[in-house]
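Enquirer:
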Amino acid sequence: MARLVLSLLLLCGCQHSSGLSPEAQKEASANDNSTVFTRILDGLLDGYDNRLRPGLGENVTEIKTNIFVTSFGPVSDTEMEYTIDVFFRQSWKDERLCFKGPMERLPLNNLLASNIWTPDTFFLNGKKSIAHNMTTPNKLLRLKDDGTLLYTMRLTISAECPMQLEDFPMDAHACPLKFGSYAYPVSEVVYTWTLGAAKSVEVAEDGSRLNQYHLTGQTAGTEDIHTSRGQYTVMMAHFYLKRKIGYFVIQTYMPCFMTVILSQVSFWLNRESVPARTVFGVTTVLTMTTLSISARNSLPKVAYATAMDWFIAVCYAFVFSALIEFATVNYFTKRSWAWDGKKLEAQHPKKRDPMVLSKKPNNVCSAGVNYTPNLTKDVSISTISNTTSVQLRAAETKTLDPKKTYNSVSKIDKMSRIVFPVLFGTFNLVYWATYLNREPVVVTST
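Just so we're aligned, residue 52 is where the sequence shown starts under the numbering used here, counting upward by one.
1. Hey, quick one: how far does the alpha helix (DSSP H) through residue 307 stretch, first residue to last?
2. How about the region 199–209 and the region 326–344: do they share at least three Cβ pairs that are nearer than 8 Å?
3. Decide if the region 265–272 is in contact with the region 231–250; the criterion is three or more beta carbon pairs, one per stretch, under 8 Å apart.
4. State buried or exposed for residue 427, treating a residue as buried only when at least 16 other CB atoms are found within 10 Å of its CB.
5. Look up residue 232 in the DSSP assignment and give the residues it is bridged to.
6. Suppose you measure from the CA of residue 472 to the CA of residue 319; what does that come to, to the nearest Å?
7. Suppose you measure from the CA of residue 93 to the CA of residue 150; what does that come to, to the nearest Å?
8. Please state the DSSP three-state secondary structure of residue 274.
9. Could you check whether residue 230 and residue 175 sit closer than 8 Å to each other, using their CB atoms as the reference points?
10. On the criterion of 16 or more Cβ atoms from any shown chain inside 10 Å, does residue 423 qualify as buried, or is it exposed?
11. Distance check for residue 192 and residue 86, CA to CA, integer angstroms please.
12. What is the rounded straight-line gap between the Cα of residue 321 and the Cα of residue 333?
13. To the nearest whole angstrom, what separates the beta carbons of residue 210 and residue 135, a pair I think is in contact under 8 Å?
14. Exposed or buried, residue 145, counting other C-beta atoms within 10 Å across all chains shown (16 or more means buried)?
15. Should the region 292–303 be called in touch with the region 257–265, which here means at least 3 C-beta pairs below 8 Å?
16. Using only alpha-carbon positions, find the residue among 364, 331, 350 that is nearest to residue 216.
17. Indicate the three-state DSSP secondary structure (helix, strand or coil) for residue 214 in the structure shown.
18. Should residue 493 and residue 224 be called a contact, given that it needs their Cβ atoms to be closer than 8 Å?
19. Below 8 Å between beta carbons: does that hold for residue 335 and residue 303?
20. Using the C-alpha atoms, what's the distance from residue 103 back to residue 277?
21. Between the alpha carbons of residue 388 and residue 330, how many angstroms are there, rounded?
22. Note down the Cα distance separating residue 499 from residue 126, rounded to an integer number of angstroms.
23. Could you spell out where the beta strand (DSSP E) holding residue 123 opens and where it closes?
24. Run through DSSP, which three-state label would residue 474 get?
25. Can you tell me which residues form a DSSP beta bridge with residue 289?
26. For residue 421, name the three-state secondary structure that DSSP assigns.
27. I'd like to confirm the pairing. Which residues does DSSP put opposite residue 190 in its beta bridges?
28. Pick out whichever of 476, 481, 140, 123 has its Cα sitting closest to the Cα of residue 204.
29. Would you give the residue range spanned by the alpha helix (DSSP H) that residue 360 belongs to?
30. Would you call residue 227 buried or exposed, if buried means 16 or more other Cβ atoms sit within 10 Å of its Cβ?
31. Within a Cβ cutoff of 7 Å, which residues of the same chain sit near residue 95, ignoring the five residues on either side of it in sequence?
32. Which two residues bound the contiguous alpha helix (DSSP H) that contains residue 177?
33. Which of the three DSSP states is assigned to residue 195 in this structure?
34. What residue does the alpha helix (DSSP H) around residue 325 start on, and which one ends it?
35. Relative to the C-alpha of residue 465, which candidate in 482, 486, 380 has its C-alpha closest?
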């Protein structure tokens with residue numbers, strides 16, 4: 052009788068379950084899975100000690116890493132640092148978290164990361180690192196049934212980038228990113244690249260945020276460092292940068308070039324144009340001084356000369372030489388302004404012939420004989436006498452005026468018109484051919 056009642060109950064239950072709608076069956080299945088996952092997680096964390104690394108006392112924990120760069124830049128030359136935004140992925144195996152269930156991988160909340168052991172990874176050359184927490188912590192945690200964990204974080208890192216600026220602004224740099232374990236030596240924790248050194252560091256196609264550089268590529272590698280506390284594994288990624296020269300051509304090179312050309316215009320001015328040539332010389336020298344100071348403001352205070360410093364220095368030498376050339380020409384220029392410079396003594400008027408008529412008309416004829424004056428005749432003699440006197444004065448004045456003659460073109464100016472442009476053009480050919488065709492010095496820190 053009892054068996055009959057039990058059979059009837061099972062039959063009713065089967066009919067009831069077969070009568071559920073598909074949505075109700077899915078909901079019931081989801082509730083069952085949630086219950087199963089909850090039981091799995093509770094069982095995994097029961098007795099779990101997150102203070103101990105996986106395989107403690109048995110084997111070395113291997114941390115597999117890879118980096119995906121979402122944004123690279125900006126780069127600061129004065130601080131010698133760069134900023135990078137990455138998805139930093141770490142993967143390791145913790146056998147204490149193995150489980151059996153309907154799924155091979157569990158998508159876990161980031162809050163669980165605080166309850167399990169995670170690597171103590173830090174960035175050796177990082178100046179400042181930010182873990183994004185808006186709107187929630189940007190972390191991802193996945194657990195496979197064999198105990199393998201995938202831990203991903205979004206980070207913004209400001210790291211050091213040693214720069215050798217001897218070829219500036221035709222320079223190139225290799226900016227490193229170094230990371231490793233802070234406390235565990237290689238006898239306990241080792242780091243490796245997930246996909247090998249060639250493919251474990253990727254940069255998004257639109258990830259460059261650089262105005263003055265081209266991101267030409269990236270490489271990855273590994274090294275071991277020895278300290279007083281033991282040997283540690285350090286993972287290294289290098290990002291190779293090539294500077295864009297366009298900004299500096301417009302901002303510095305072209306103004307320097309035009310200033311030198313302007314200083315050579317004074318060679319074509321008359322040597323007597325002292326104010327004009329002085330203005331050309333002094334103005335160009337001050338302009339070059341200003342350009343030199345402004346060009347250095349965008350660079351760190353290094354103790355060696357850069358390629359731009361050499362160019363500015365040579366341009367400054369040409370401009371200063373043009374001013375010295377004018378001073379030399381002016382020193383050898385004949386004096387007395389625009390005269391020929393010969394000291395001209397005032398020529399004394401020639402002694403008049405005693406027979407020349409006197410200025411006084413009444414003394415034209417005096418023979419000591421009384422006669423009746425002829426008015427018409429006296430007036431004529433007076434007129435001739437006055438005219439002759441005026442002509443004599445004009446002749447005397449003429450003889451005192453020296454002839455105006457300008458100085459000839461200076462031989463120094465003639466030579467400078469050819470020598471200065473030729474030398475400056477030769478310098479430019481050698482300068483640009485040297486720096487544009489040679490490989491810049493790249494410092495790869497180790």
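We put the CB at the ideal spot given by N, CA and C, even for glycine.
Expert: Here's the rundown:
1. For the purposes of this step, residue 307 is taken as residue 256 along the sequence shown, with counting starting at 1. For residue 307, the enclosing alpha helix (DSSP H) starts and ends at 305–314.
2. These segments do not touch.
3. A contact exists between the region 265–272 and the region 231–250.
4. Numbered from its first residue, the sequence shown carries residue 427 at position 376. In this prediction, residue 427 scores a pLDDT of 46, lower than 50, which makes its location untrustworthy; no coordinate-derived value is stated.
5. Counting from 1 along the sequence shown, the entry for residue 232 is found at position 181. In the DSSP assignment, the residues bridged to residue 232 are 172.
6. The residue labelled residue 472 in the question sits at position 421 within the sequence shown. The residue labelled residue 319 in the question sits at position 268 within the sequence shown. Cα to Cα, residue 472 sits roughly 13 Å from residue 319.
7. Your numbering for residue 93 matches position 42 in the sequence shown. Your numbering for residue 150 matches position 99 in the sequence shown. Residue 93 and residue 150: Cα-Cα distance of roughly 11 Å.
8. Here residue 274 refers to the residue found at position 223 when the sequence shown is read from its first residue. Residue state, collapsed to three classes: strand.
9. Start at 1 with the first residue of the sequence shown, and residue 175 comes out as number 124. Start at 1 with the first residue of the sequence shown, and residue 230 comes out as number 179. Yes. Within cutoff.
10. The residue you call residue 423 lines up with position 372 of the sequence shown. Low per-residue confidence applies at residue 423: pLDDT is 47, beneath 50, and the placement is therefore not dependable, though the value from the model is reported in the following sentence. So residue 423 ends up on the exposed side.
11. As a working mapping, residue 86 is identified with position 35 in the sequence shown. As a working mapping, residue 192 is identified with position 141 in the sequence shown. Distance between the alpha carbons of residue 86 and residue 192 is about 20 Å.
12. For the purposes of this step, residue 321 is taken as residue 270 along the sequence shown, with counting starting at 1. For the purposes of this step, residue 333 is taken as residue 282 along the sequence shown, with counting starting at 1. About 17 Å.
13. Against the sequence shown, residue 210 aligns to sequence position 159. Against the sequence shown, residue 135 aligns to sequence position 84. About 7 Å; that satisfies the 8 Å criterion.
14. As a working mapping, residue 145 is identified with position 94 in the sequence shown. Classification for residue 145: buried.
15. With a cut-off of 8 Å, the region 257–265 and the region 292–303 count as touching, because enough Cβ pairs lie within range.
16. Looking up residue 216 in the sequence shown gives position 165. Closest by C-alpha distance to residue 216, out of 364, 331, 350, is 350.
17. Locating residue 214 in the sequence shown gives position 163, where the first residue counts as 1. Note: residue 214 maps to coil in three-state DSSP.
18. Residue 493 sits at position 442 when you count from the first residue of the sequence shown. Residue 224 sits at position 173 when you count from the first residue of the sequence shown. Residue 493 is a Cβ neighbour of residue 224, given a cutoff of 8 Å.
19. Working through the sequence shown from its first residue, we reach residue 335 at position 284. Working through the sequence shown from its first residue, we reach residue 303 at position 252. Not a contact, by the Cβ cut-off of 8 Å.
20. The residue labelled residue 277 in the question sits at position 226 within the sequence shown. The residue labelled residue 103 in the question sits at position 52 within the sequence shown. Rounded to the nearest angstrom, the gap between the Cα atoms of residue 277 and residue 103 is 24 Å.
21. Stepping through the sequence shown from its first residue, residue 388 is reached at position 337. Stepping through the sequence shown from its first residue, residue 330 is reached at position 279. Unreliable positioning characterises residue 388 in this predicted model, as indicated by a pLDDT of 44, which lies under 50. The coordinate reading is nonetheless provided below. When the Cα atoms are used, residue 388 and residue 330 turn out to be separated by approximately 19 Å.
22. Look at the range of the chain in this structure, 52 to 497, and you will see that residue 499 is not part of it.
23. For the purposes of this step, residue 123 is identified with residue 72 of the sequence shown, where counting begins at 1. Its beta strand (DSSP E) spans residues 112–127.
24. Translated into positions along the sequence shown, residue 474 becomes position 423. In the structure shown, residue 474 adopts helical secondary structure according to DSSP, grouped into three states.
25. Taking the first residue of the sequence shown as position 1, residue 289 is located at position 238. According to DSSP, residue 289 bridges with 227, 270.
26. In the sequence shown, counting from the first residue as 1, residue 421 sits at position 370. Bear in mind that a pLDDT of 46 at residue 421, under 50, signals an unreliable position, so the model cannot answer this.
27. Translated into the one-based positions of the sequence shown, residue 190 becomes position 139. For residue 190, the beta-bridge partners assigned by DSSP are 204.
28. The residue labelled residue 204 in the question sits at position 153 within the sequence shown. From the listed residues 476, 481, 140, 123, the smallest Cα separation to residue 204 is found for 140.
29. Within the sequence shown, numbered from 1, the residue matching residue 360 stands at position 309. From DSSP, the alpha helix (DSSP H) with residue 360 extends over 358–382.
30. The residue given as residue 227 occupies position 176 in the sequence shown. Here residue 227 is buried. Its C-beta has 16 or more other C-beta atoms within 10 Å.
31. As a position in the sequence shown, residue 95 is number 44, starting the count at 1. Around residue 95: 148, 150.
32. By 1-based counting over the sequence shown, the position of residue 177 is 126. Premise fails: residue 177 lies in the beta strand (DSSP E), 177–182, not in any alpha helix (DSSP H).
33. Walking along the sequence shown from the start, residue 195 turns up at place 144. Residue 195: strand per DSSP, three-state reduction.
34. On the sequence shown, position 274 is the one that residue 325 refers to. Here the alpha helix (DSSP H) through residue 325 covers 325–348.
35. Taking the sequence shown and counting its residues from 1, the one referred to as residue 465 is at position 414. Closest by alpha carbon: 380.
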